[in-house]
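Protein chains in written order, with this note's numbering: chain W, 3 to 697; chain D, 3 to 697. Using N, Cα and C, we set each Cβ at its ideal position, and we do this for glycine too.
There are 2 protein chains.
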Amino acid sequence: MSSRALLAVALGLSTLVGGHALADEGMWPFNRLPKAELKQKYGFEPTDEWVRHLQRSSVRVGGCSGSFVSGSGLTLTNHHCAQDCLTRLSTPAVDYFKRGFSAKAASEERVCPGYEIHQLAEITDVTARVQQATQGLSGEAFHRAFKAESAKIEKACATSDDLNCELVSLYHGGVYELYQYRRYRDVRLVFAPELEAAFFGGDPDNFNFPRYNLDLTFLRAYDAGKPALTPDHLSVSKTPLQPNDLTFTSGNPGSTERLRTIAQLQYERDHQLIETLLSLARYRGFLIEYGKRNAEALRVSKSELFGVENGFKALHGKHRALLRPEFFAQLEKSERDLRRRVAQNPELAKQYGGAWDAIEKAQQDLLALQPDLDWIEAPGAPRPPWARTSLFTWAKTLVRGAEERDKPNEQRLEEFADARLPGLTQRLLAPRPLDPQFEIAKLAFGLSQLREELGTDHAFVKQVLGKASPEELATKLVKGSRLGDPAERKRLWEGGKAAIAASKDEMVVLARSIDDVGRKLRARYENEIESVLTKNSELVAKARFAVYGMTSYPDATLSARVSFGTVRGWREPGKVIPSFTTIGGIFERATGRFPYELPKSWVEKQKQLDLSTPFNFVTDSDIIGGNSGSPVVNRQGELVGLVFDSNIHGLGGAYGFDISVNRMVAVDVRAIAHALDVIYDADRLNEELAGASQK
Amino acid sequence: MSSRALLAVALGLSTLVGGHALADEGMWPFNRLPKAELKQKYGFEPTDEWVRHLQRSSVRVGGCSGSFVSGSGLTLTNHHCAQDCLTRLSTPAVDYFKRGFSAKAASEERVCPGYEIHQLAEITDVTARVQQATQGLSGEAFHRAFKAESAKIEKACATSDDLNCELVSLYHGGVYELYQYRRYRDVRLVFAPELEAAFFGGDPDNFNFPRYNLDLTFLRAYDAGKPALTPDHLSVSKTPLQPNDLTFTSGNPGSTERLRTIAQLQYERDHQLIETLLSLARYRGFLIEYGKRNAEALRVSKSELFGVENGFKALHGKHRALLRPEFFAQLEKSERDLRRRVAQNPELAKQYGGAWDAIEKAQQDLLALQPDLDWIEAPGAPRPPWARTSLFTWAKTLVRGAEERDKPNEQRLEEFADARLPGLTQRLLAPRPLDPQFEIAKLAFGLSQLREELGTDHAFVKQVLGKASPEELATKLVKGSRLGDPAERKRLWEGGKAAIAASKDEMVVLARSIDDVGRKLRARYENEIESVLTKNSELVAKARFAVYGMTSYPDATLSARVSFGTVRGWREPGKVIPSFTTIGGIFERATGRFPYELPKSWVEKQKQLDLSTPFNFVTDSDIIGGNSGSPVVNRQGELVGLVFDSNIHGLGGAYGFDISVNRMVAVDVRAIAHALDVIYDADRLNEELAGASQK
C-alpha cells in the first residue's frame, strides 16, 4: 500500500541476544551480505557481479521499491506505489483507477508529475568523518555540527541534478555511509490494471493470505526525453518457481526498530502508537463517510482512505506485537544482557554505560513536548490531519524555503540543503489536481481536532482559529489560496523572501504567521531530544559492536537492502496456509461487490484464462513497509515475483523476526505475463519483458 | 454526558494499602456512611433522618442521577441525561435541542417515552442467602445457581409493577444487598434550555473547568396521570455556597475498579480500552462527517455524536491514568501487600490464596474469546456499531424474549427475569422516531467494520453478509423492517414464539438466524469466564475483609451512593483554577460559532442579567460517570448545585482518587434560579422550586 511509506519515517532490538542473525532473518545492505551463511545454509554464494547486477537493477520510487525489467528503463513496481500518479492524471471524466491504463505506444506513455526513480550507484563509508565532526559535542552544538557535516558531504557528492546523495546512518550511528543514487526525473506511466484487480479484497484482505492481487504498475524512466538506457535490468525467469525455492528480495525497507532501547519501545507502545492509531481511526471514519457524499467525492478521497486504512492496519499490528508480554519480555532480556556485559567491563561501562539512561530521559522530555510538536510542527509523518492538505504543505515549504535558501548550506534545515533542493523543487512544482471541497472538508475536520487536542485555550489554537469555526477558517483558507496553480507556486518559489512577504494568499499568510512557533518547537526537539537520541544511540551501537562484534544487520532506514528466504506457507491454529494461490481463486472469492468485485476485463476473459496459473505466493523473507514493489529473484538473479505485502504476523517485524509465521507476499511473474497476454492484450509490454527491444 | 452511562456497564483496587478511605474519598452506600470520620474531620454528624431524607429525595433516571425538588414530583437532572427524551419528541420541524422546551402549564408537560424514575425505598442484606446458594459450585453450575437465586430474590421483592428490585453486589461479592426502588413509569418533560446553553463549549470544553453550562432539565414524575406526591424532596438553599463549604452529593456512580486485580487492570489497559477507543474514534469520524450531509442528518445524529465523544474522552482519560507508570506501580504495590498478608496466614492462604491466579487465567481465556464476543454477542456496552441501530436492538430483544419468557423464571437470561420484564417492556414499546437513512448509514458502517474485525472468511461474517455488500444488506434490513412502528413491536412481543417464527420482517429474520451463535458465545462467557471472575472476586473481597476489616467503601455499581467534599479549585502547573465561574464568563468565552455559540435568548437578555451570579463550581468530591444529574446539598440538606461533569483529572477516578486534582463540576442553584427568572421567564417553575404548590 502506498502509505506503507508511513512506516518509513517514524522511528531497533535484535531478536537475538548475540546480535547474530538467524538464517533468513535480516535486511542486509548490498555491501554487507552474509555470504558465508548463505553458502552454509543454501550452498549458494552470490558473486560480486551477481550482487552488483541486482543492486543496479533495483530502484527506489518514492517511499517504495521497484526494478528495471528491460534495457529501456521499463520499471516494475506496485499499483499502490503509483496511486499518486494515477490520482494526478485522473479527472472526473477519466478515472484510471476504474479503467486502468495501458499505453499502446511509447507516445502514449504519460508523465507522472513529481515522480522520480533512484538507482543506487555507489556506497562510500564516511563514518570517521561524521563521528569526528561531532566528537565531544552535545545538545544544540551536536545537532549543528552533525547537520553541517551532513550537508557538506551530501553537497560534495551531488555534483549534478542527475545525482541524489544521502548520508545513511546504519546501526543508529555506528556506521555512516554515503549512498549516491542515479536520479531519473522523468518518469512515465506505461501500464496499470484496474484498481479492482490490483487491490482485490481491499482493506479486509490487506495483510492477509491467501491473496489474489495483480498489484503492479509499469513505469518507465526517461532520460533527455527518451527511454533511459538501463543495461542492468532483471530478466523474467522462465524456470517455474516452486515451494522451498530460495529467493532474494531487493528493496528499500523503511524502518525497523530492532536495535532501539526498551525506553524507546515503551514510549512507542504506551504513547506514540496509541495516539497515532486513534487519530488515524477517527480520520478513517471521516473519509469513509466523506466518500458517500457523491461519486466525485469518492473518487478524490479513495486513495487517501486506502493509505489511511493501510497505515492503520500496519501500526495496529505493530502495536499488538509490542503488547504481547512474552515478546516484550524477550526484548527486555536482550537489553539486560547487553547492559550487563557493558557494566562488567569497566572500560565499556565508562564509555557507553550511561547511554540507556540518557535515552530514557530524552523520551521523558519528549512526552511533555509531543502534543505541541505533533499538532503544530509535525516533523515526521504521519502528519496531523489539519496539515494533510496539499495547499498547506506547499505554503509551508514556500515560506520556509524562502528563508532557508538565503542561509549557507550547512546552516539550513536539512530538507533545504543543496543536495536535497532538486528533489524538493520537483515535488513542489509538479502539477496536482485539487478538489477544493475535499481540501476544505479535510482542513475543517483537522482544525477541529487540533482545537480538541491542544485545547481551546492554547495560544496556538487561539492564534490560528481566532473566533472562526474550523469550517469557516478552512473555507477562507482554501478559497483564498491560489497555490493549486503550479505557476503560482513557481512564482513564489523563485520570488524568494520578497515574494513571500508580499503574498496575500491566505494559505501563505497562515504559514507565515505560524512559522516561528513551529521552528521553535522543531529547534527544541532537535537540540534537546533528537541530538540526545542520536548521540546516545550511537554509543549503544558501539557498545553492541564491542560486545558482539559487527555480525548482524542494521535496522532498516529506507536505504537499499537485500532479504532472502524460501517459498513456503505457514501453520495457523487448525490449518495450513499453502505457499501459492492460483488465478482461479480470484473468481471463487469474487462476490461482485466492492471490495470483492472483479473488473469487467477479467469477467469477460475468464474462459480464456488458465485458471491454474500461479497468482500470489509467500516466502519467509524478512521485509517491511518500503519493500512494496521489490523484485523477487531466484539464484540466477532472474525475476520471479513482485513484493506487495506481508502477512498479518509480519506487522510485528518492526521489532523482531519470527520465521515460523512472518511471511512476505508477492505476485508471481507467471500471473503477470498471463494477465498481460490474455486480459490486457498488452503484447508490446510482454514482448519487451521477454527481451525484445522497445517498439 | 448521557453516555457516561457507557462507563456504567463495563468492569477495583483501593488506592489505600490499608483499604481505609481518606476523608473526601469514597462513594458510600446510604447504609454505610463513614459518620465517625465526618464528625472528626468536619464536625458534622448526619442524623438518620438527614440520611433518609437525602436518600428518598434522590432518584435514578436511566444511567443518570437526579433529585425531587418539589412535593409534586418535579425532578432535576442534567440536560444530557434527558437528551434521549428530547430526541424522541423532536421532529424535523420542531427541534427541542435548538429551541429548548418550557411547559407553561401542567397540561403542556410531555411524556418522555420509555423514561422511568426510580427512588430507592429499602435496602436489605441478602449476603448469606446468595453465598449459600453458590457454595461449593463453580463454572456453569455456579452461574446457574447464582442466576436462579438472584431471579428468585428479585421476584419475591417486586410485588407490583410500581416496584423495581435489584440484587446489588458490593465489594465484588463480599456483600449482597437487595435494593428496592419505587418506580415512576410516567415521566414528563417540564423544562429544558437550548443545547447551546446546556452544552456550551461542547466536546472541546467537556471534562474541563472553568465551565459555563446550564446543563439541566426538569422532568416530573407522574402517578395515575397526576403529578406524583413526593413529600421527600430537596429545598433550594437560600444560603450562598462559599469556597471551602462542605457538600454532599447523592447519586448512582456507574462503575469504579478500585478493587479489581492487577490482571484485570492489565487486560483493560492493554486490550479492552484500546480496542474500544479505536472503535469509538472511527465511529466518531463517521458521525462528524455524516452530520454534514444536510441539516436533518445533523439533527438526527448529533445526540449520538455527543455520546460517542463523551465516551471517547472519558475512556481515553481512564486509559491514560492506567498508562502512568507511577500510578500503576502503586496499584501493583497495593495488591502485593494484600497477597503477602494472605500468604503469611495459612488459613487465609488456603481459602483465598488461589483467587488472583484464577482471575488471571480467566482474563487470558477472555482474550481469545473477546473478538467473537464483542462483535457478535456484545453482552455489555459499548455495543459494536453494527448493532447500534434501534431496529436491531428491538429485533434481538423480541426474538430472545419470546423464547426466554417460556422458561421458568430462574432459568432465563437475567434481563428477561420476571422482576426485570416490566422495565424491559416499557423500553421496548416506547415510541422512538427513526431516520431510515441514518439507520442504514450506521448499519452499513458497522457491518463493514464487523467484516474487518472478524475477517471476511469468518463463518459469522459469511452467514450475515453472504455475497451482499454492507450497504446492500443494511438497506435491505432497514427497508424490510416494520419494527419502527411500536404497534408492530407490541404485536410481536405479545405474540410470543409463534409470532416471531412467522415474522418475515428482515430484521427479525436476521436476529433469529444469529440468535443461536450469540447465545453460545454468551454461555461460554458466563460459564467459563464470568463465573470464575465472580467467584474469585468474592474470595479476594473476603480476603480483604479478613486482612483489613470492612472499613472502606465498595466499588461503584450504578447503585445509590453518597460522596462528600469541599468546594475548592486546584493547581495546574503555573496556574490556580478557582472554584467558581460566573454568568459573565460565558459571554466572554462566546465566539458566535459552534460550540461557543450562545442561544438567542441569552444574547437578548445579557443586559438584564447579573453577570456576577455564580454559574458553575467544583468540589473535591469523589464521583464518576452515572453521577450526572446528582444533587449537591449542604449540611442542612438543601440543594446548592447540580453535578454534570468531572474535570479531566477525574477520569482516572475509576482506579483511584487523587484529592489534589480530581474535581466534580456542578451548576450552582443561583444560576439556575437567575436563568429561569430572567432568560426563560419560567415563573411557574421558579415558584414551585421556591416551595409554592404547583399550579
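Note down, in chain order, every chain W residue with its Cβ under 8 Å from the Cβ of Ser305/D. The contacting residues do not exist; Ser305/D stays about 17 Å from chain W at best.
Looking at chain D, is there any beta carbon in it that lies within less than 8 Å of the beta carbon of Gly594/W? yes
Looking only at C-alpha atoms, which of Pro633/D, Val510/D, Glu110/D and Ile119/D sits nearest to Ser483/D? Among Pro633/D, Val510/D, Glu110/D and Ile119/D, the Cα nearest to that of Ser483/D belongs to Val510/D.
What does Gly68/D pair with, by DSSP beta-bridge criteria? Val61/D
Beta-bridge pairing of Ala668/D - partner residues as DSSP gives them: Phe619/D and Val645/D
Who are the neighbours of Ala470/W on chain D, taking C-beta pairs under 7 Å? Arg595
Between which residues of its own chain and Gly693/D is the CB-CB distance below 7 Å, once the five residues before and five after are set aside? Ser237
Roughly how far, in whole angstroms, is the beta-carbon of Ile650/D from the beta-carbon of Phe209/D, given that I think they are within contact range, below 8 Å? 5 Å
Could you say if the region 472–492 of chain W and the region 312–331 of chain W meet the contact criterion of at least three C-beta pairs nearer than 8 Å? no
Against Asp272/D, what residues of chain W qualify as contacts under a CB-to-CB distance less than 7 Å, listed in chain order? Leu325
Note down, in chain order, every chain W residue with its Cβ under 7 Å from the Cβ of Tyr292/D. Glu291
First and last residue of the uninterrupted alpha helix (DSSP H) at Tyr269/D: Ile264 to Tyr269
Distance, Glu196/D Cα to Phe462/W Cα: 30 Å
Does any residue of chain W have a CB that is nearer than 8 Å to the CB of Leu280/D? yes
Between Gly309/D and chain W, is any beta-carbon pair separated by less than 8 Å? No, no contact with chain W.
Closer than 7 Å, Cβ to Cβ, to anything on chain W: give me those residues from the region 191–211 of chain D, in chain order. Asp205, Pro206 and Asp207
Meets three-Cβ-pair contact criterion under 8 Å: the region 391–400 of chain W and the region 57–66 of chain W: Contact between the region 391–400 of chain W and the region 57–66 of chain W is absent, because fewer than three Cβ pairs lie under 8 Å.
Can you find a C-beta in chain D that's less than 8 Å from the C-beta of Ile276/W? At least one chain D Cβ lies under 8 Å of Ile276/W.
Note down, in chain order, each residue of its chain lying with its Cβ closer than 8 Å to the Cβ of Ala389/W, except the 5 sequence neighbours on either side. Ala380, Thr395, Lys398 and Gly448
Spell out whether any CB of chain W is found under 8 Å from the CB atom of Gly287/D. yes
Would you mind listing the alpha helix (DSSP H) stretches within the region 505–552 of chain D that are 4+ residues and don't spill past its ends, in chain order? Counting whole runs of 4 or more residues, the region 505–552 of chain D contains the alpha helix (DSSP H) stretches 508–526 and 533–550.
How would you list, in chain order, the residues of chain D whose beta-carbon sits under 9 Å from the beta-carbon of Phe447/W? Gly287, Ile290 and Glu291
Which complete alpha helix (DSSP H) runs does the region 218–288 of chain D hold, if anything under 4 residues is left out? 264–269
I want to see whether chain W comes within less than 8 Å of Arg453/D, judged by CB atoms only; does it? yes
Locate the beta strand (DSSP E) running through Tyr682/W, then write down its first and last residues. Per DSSP, Tyr682/W belongs to no beta strand (DSSP E) and is neither H nor E.
In chain D, which residues lie less than 7 Å from Thr702/W when you measure between Cβ atoms? Since the displayed chain W opens at 3 and closes at 697, residue 702/W lies outside it and no answer follows.
Look up Tyr173/W in the DSSP assignment and say whether it is helix, strand or coil. helix
Got a sec: is the Cβ-Cβ distance from Ala283/D to anything in chain W below 8 Å? Under the Cβ criterion of 8 Å, Ala283/D is counted among the residues facing chain W.
Is the distance from the Cβ of Asn215/W to the Cβ of Val669/W below 8 Å? yes
At 4 residues or longer, and completely inside the region 423–462 of chain D: list those alpha helix (DSSP H) runs for me, N to C. 423–431 and 438–456
Considering only the beta carbon of each residue, do Arg301/D and Asp86/D sit closer than 8 Å? no
What number of angstroms, rounded off, separates the C-alpha of Arg699/D from the C-alpha of Pro206/W? Absent from the model: residue 699/D. The displayed extent of chain D is 3 to 697, so no value can be given.
Kindly indicate the opening and closing residues of the alpha helix (DSSP H) around Lys363/D. Ala357 to Asp374
Using only the alpha-carbon positions, how far apart do Leu2/D and Ile681/W sit? Nothing about residue 2/D can be read from this structure; chain D reaches only from 3 to 697.
Three-state secondary structure (DSSP) of Ser5/W: Confidence in Ser5/W is poor, its pLDDT being 31 and thus under 50, which makes the residue's placement unreliable; the coordinate value appears in the next sentence. In this structure, Ser5/W counts as helix in the three-state DSSP scheme.
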